[in-house]
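These protein sequences, in sequence, are chains A and B. For our numbering, add 589 to where a residue sits in the first sequence, where the first one is 1. For our numbering, add 589 to where a residue sits in the second sequence, where the first one is 1. Heads up, the beta-carbon is just placed ideally off N, CA and C, and yes, glycines get one too. All of these numbers come straight from a predicted model, not from anything done at the bench.
2 protein chains.
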Amino acid sequence: MCELLGMSANVPTDICFSFKGLKERGGRTGPHRDGWGVAFYEGKGVCTFKDALPSYESEIARLVSDYPIKSCAVVAHIRQANRGRVSLQNTHPFTRELWGRYWTYAHNGQLHDYKDLPVARFQPVGTTDSERAFCYLMSELDKRYPNKPRSRKAAFRFLQKKAKTLQQLGVFNMLLTDGEYLLTYCTTKLHWITRRAPFGIARLSDVDVDIDFSRETTPKDVVTVIATEPLTLNEQWHKMQPGESQLFRYGEPI
Amino acid sequence: MCELLGMSANVPTDICFSFKGLKERGGRTGPHRDGWGVAFYEGKGVCTFKDALPSYESEIARLVSDYPIKSCAVVAHIRQANRGRVSLQNTHPFTRELWGRYWTYAHNGQLHDYKDLPVARFQPVGTTDSERAFCYLMSELDKRYPNKPRSRKAAFRFLQKKAKTLQQLGVFNMLLTDGEYLLTYCTTKLHWITRRAPFGIARLSDVDVDIDFSRETTPKDVVTVIATEPLTLNEQWHKMQPGESQLFRYGEPI
Numbered sequence: 590m591c592e593l594l595g596m597s598a599n600v601p602t603d604i605c606f607s608f609k610g611l612k613e614r615g616g617r618t619g620p621h622r623d624g625w626g627v628a629f630y631e632g633k634g635v636c637t638f639k640d641a642l643p644s645y646e647s648e649i650a651r652l653v654s655d656y657p658i659k660s661c662a663v664v665a666h667i668r669q670a671n672r673g674r675v676s677l678q679n680t681h682p683f684t685r686e687l688w689g690r691y692w693t694y695a696h697n698g699q700l701h702d703y704k705d706l707p708v709a710r711f712q713p714v715g716t717t718d719s720e721r722a723f724c725y726l727m728s729e730l731d732k733r734y735p736n737k738p739r740s741r742k743a744a745f746r747f748l749q750k751k752a753k754t755l756q757q758l759g760v761f762n763m764l765l766t767d768g769e770y771l772l773t774y775c776t777t778k779l780h781w782i783t784r785r786a787p788f789g790i791a792r793l794s795d796v797d798v799d800i801d802f803s804r805e806t807t808p809k810d811v812v813t814v815i816a817t818e819p820l821t822l823n824e825q826w827h828k829m830q831p832g833e834s835q836l837f838r839y840g841e842p843i
Numbered sequence: 590m591c592e593l594l595g596m597s598a599n600v601p602t603d604i605c606f607s608f609k610g611l612k613e614r615g616g617r618t619g620p621h622r623d624g625w626g627v628a629f630y631e632g633k634g635v636c637t638f639k640d641a642l643p644s645y646e647s648e649i650a651r652l653v654s655d656y657p658i659k660s661c662a663v664v665a666h667i668r669q670a671n672r673g674r675v676s677l678q679n680t681h682p683f684t685r686e687l688w689g690r691y692w693t694y695a696h697n698g699q700l701h702d703y704k705d706l707p708v709a710r711f712q713p714v715g716t717t718d719s720e721r722a723f724c725y726l727m728s729e730l731d732k733r734y735p736n737k738p739r740s741r742k743a744a745f746r747f748l749q750k751k752a753k754t755l756q757q758l759g760v761f762n763m764l765l766t767d768g769e770y771l772l773t774y775c776t777t778k779l780h781w782i783t784r785r786a787p788f789g790i791a792r793l794s795d796v797d798v799d800i801d802f803s804r805e806t807t808p809k810d811v812v813t814v815i816a817t818e819p820l821t822l823n824e825q826w827h828k829m830q831p832g833e834s835q836l837f838r839y840g841e842p843i
């Protein structure tokens with residue numbers, strides 16, 4: 590299995606604090622040694638850092654956890670390989686372009702019979718069940734909307750339905766974003782928290798670090814963080830139920 | 590204008606030495622302050638670092654120039670904006686997937702009437718002439734070969750012809766790779782050098798650094814480096830002519 594981390598925010602926000610917790614699970618406090626990756630959106634642009642090394646000993650992960658890259662949408666993943674060998678091509682998150690936007694996705698879980706999932710315009714580069722499922726979702730989206738739909742929200746609602754069909758093939762916890770919307774789907778484990786004023790102090794569960802968000806934010810900031818397991822000890826995270834899906838836009842659940 | 594840097598090699602090789610020279614041109618020895626990016630292939634996988642900051646003061650660029658990421662195909666770019674504002678979405682290199690492979694591209698130059706270039710399956714995300722030209726090339730390739738061709742070399746020969754038509758719209762110096770082949774096209778400025786045994790010492794022109802390649806390589810290594818301007822002082826670089834194109838595969842000109 591793997592661990593997911595996502596962020597949706599209404600102002601460009603860095604994810605250093607949460608990523609610091611996550612990367613420890615990549616080989617130190619957790620068994621996810623088989624690579625990691627994180628995608629940051631700035632507007633419609635996206636920058637993705639990936640490494641097939643364990644995150645807790647990756648130089649690139651150290652940079653990402655120390656260097657405040659500000660973003661309104663982030664998708665991160667640390668991997669414990671099951672389907673597909675350890676390599677860069679099999680490292681999440683995966684990105685494809687559709688309708689002049691980059692779509693980025695990461696998956697936690699394991700699917701059976703995934704090789705039969707029909708893909709058309711979008712083809713997997715690597716050999717994971719995860720990337721095949723992503724190419725399936727994007728191919729279905731392209732088939733349903735051969736031209737850019739007026740409402741991307743409707744496109745995400747369509748993806749929610751398609752994610753439900755993937756659940757029948759196994760464990761499918763997922764994050765998918767176009768930089769503005771962020772879709773979550775849970776079949777076993779996914780938690781989220783929306784932080785807004787008044788902001789308090791949060792304490793990481795994986796390393797001895799705390800942060801006073803009131804010093805880092807303005808009263809208008811709304812920031813949602815999504816993670817496989819809660820990353821902090823002293824806050825109330827929303828635990829998603831099997832089959833539950835939640836769409837976020839600029840930090841707000843919608 | 591911008592500066593390009595590419596590498597094609599028959600063994601995974603780091604580009605730290607060449608990148609060290611290039612990044613100085615991003616705001617210190619050169620005027621290219623408007624972002625930079627570099628894509629490294631590991632097999633079919635690709636990892637791209639990008640930053641809208643000048644490379645000479647970018648933390649990410651410092652990491653890339655110090656941290657030996659080994660790759661057989663690299664495309665890098667530092668930008669001086671002309672078409673399209675300074676932003677991540679307009680930062681090269683650009684990547685798209687076709688036939689289950691990632692294609693990565695960077696451009697130096699300026700095109701007129703580029704908004705009329707027909708694009709179909711591949712749409713630009715940003716607003717640069719460069720990305721539009723890339724989407725045009727990829728859309729033409731998809732139209733010419735609706736299914737994966739037996740020979741990717743033939744696909745690159747087709748791209749060479751299409752690049753020639755882009756030359757009619759202005760300055761079009763280009764690098765394009767699928768991780769195995771690397772295609773260059775020159776209309777004004779592009780140089781390359783193939784290093785092989787016996788390896789010697791090279792001295793960078795932009796910073797006071799030299800390297801003894803014989804200590805870093807094995808006798809079988811073949812490494813081609815492509816750059817807008819030669820990066821070293823004491824070696825003979827091949828200066829490409831206007832309209833000249835060269836395809837490389839695993840370091841060898843073919």
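Item	Value
At least 3 beta-carbon pairs within less than 8 Å: the stretch 788-797 of chain A vs the stretch 747-765 of chain A	no
Selected residue, minimal CA-CA separation from V798 (chain B), among B:E592, B:I604, B:D603, B:K609	B:K609
Cβ-based burial, D603 (chain A) [other Cβ within 10 Å; buried from 16]	buried
Backbone CA spacing between M596 (chain B) and I815 (chain B) [nearest angstrom]	6 Å
Option nearest E769 (chain B) by Cα separation, candidates B:R614, B:S607, B:Y630, B:K612	B:Y630
CB-CB length for N697 (chain B) against L593 (chain B), believed under 8 Å	5 Å
8 Å Cβ cutoff, W688 (chain A) in contact with chain B	yes
Pairwise C-alpha distance: Q830 (chain B) and D640 (chain B)	31 Å
Amino acids of chain A, ordered along the chain, whose beta-carbon sits closer than 8 Å to that of F638 (chain B)	C636, F638
Partner residues on chain B for Q712 (chain A), Cβ-Cβ distance less than 9 Å	E686, L687, W688, G689, R690, K737
Rounded separation between D767 (chain A) and Q825 (chain B) - CA only	46 Å
Neighbouring residues, chain B, relative to Y656 (chain A) (Cβ below 7 Å)	E648
Interfacial residues, the stretch 746-780 of chain B to chain A, with Cβ spacing under 8 Å	none
Per DSSP, the bridge partner or partners of M596 (chain B)	B:V663, B:V814
Whole-Å CB distance - L772 (chain B) paired with L836 (chain B), under 8 Å assumed	5 Å
Distance, I658 (chain A) Cα to D810 (chain A) Cα	17 Å
First through last residue of the beta strand (DSSP E) which encompasses Q835 (chain A)	834-838
Amino acids of chain A, ordered along the chain, whose beta-carbon sits closer than 9 Å to that of K633 (chain B)	S676, L677, Q678, V714, G715
Neighbour flag for L822 (chain A) against chain B, beta carbons, 8 Å	no
E649 (chain A) (DSSP reduced to helix, strand or coil)	Note that residue 649 (chain A) is Ile in the sequence shown here, rather than Glu. In this structure, I649 (chain A) counts as helix in the three-state DSSP scheme.
Separation of L706 (chain B) from A722 (chain B), as counted between CA atoms	7 Å
Chain A within 8 Å of L706 (chain B), Cβ atoms only	no
Proximity test, N697 (chain A) beta-carbon vs the ligand FMN heavy atom, cut-off 7 Å	Of ligands this structure carries none, so the ligand FMN is not represented either.
N762 (chain A), DSSP secondary structure in three states	strand
Unbroken stretches of the beta strand (DSSP E), 3 residues or longer, contained in the stretch 782-808 of chain B	790-792, 799-801
Local conformation of N640 (chain B) per DSSP, three classes	It should be pointed out that residue 640 (chain B) corresponds to Asp in this sequence rather than to Asn. Of the three classes helix, strand and coil, the one that applies to D640 (chain B) here is strand, per DSSP.
Contact between the stretch 722-735 of chain B and the stretch 679-687 of chain B (3+ Cβ pairs under 8 Å)	yes
Buried or exposed by the 16-neighbour rule on C-beta atoms within 10 Å, applied to E613 (chain B)	buried
Assumed close pair S644 (chain A), I667 (chain A) - CB separation to whole angstroms, cut-off 8 Å	5 Å
Contacting residues, own chain, Cβ-Cβ under 7 Å from M727 (chain B) (five flanking each side not counted)	R685, L687, W692, F711
Span of the alpha helix (DSSP H), counted from its first residue to its last, around Y725 (chain B)	718-733
Chain-ordered neighbours of L652 (chain B) on chain A, where CB pairs are closer than 8 Å	E648, I649, L652
Same chain, Cβ closer than 6 Å to G760 (chain B), neighbours up to 5 away in sequence not counted	Contrary to the premise, residue 760 (chain B) reads as Val rather than Gly in this sequence. For V760 (chain B), where only same-chain residues beyond five positions count, the Cβ hits under 6 Å are G698, Q699, T776, T777.
Three-state class that DSSP yields for F711 (chain A) in the structure shown	coil
Contacts around L758 (chain A), its chain only, beta-carbon distance under 7 Å, and the 5 residues preceding and following it disregarded	L700, H701, D702, Y703
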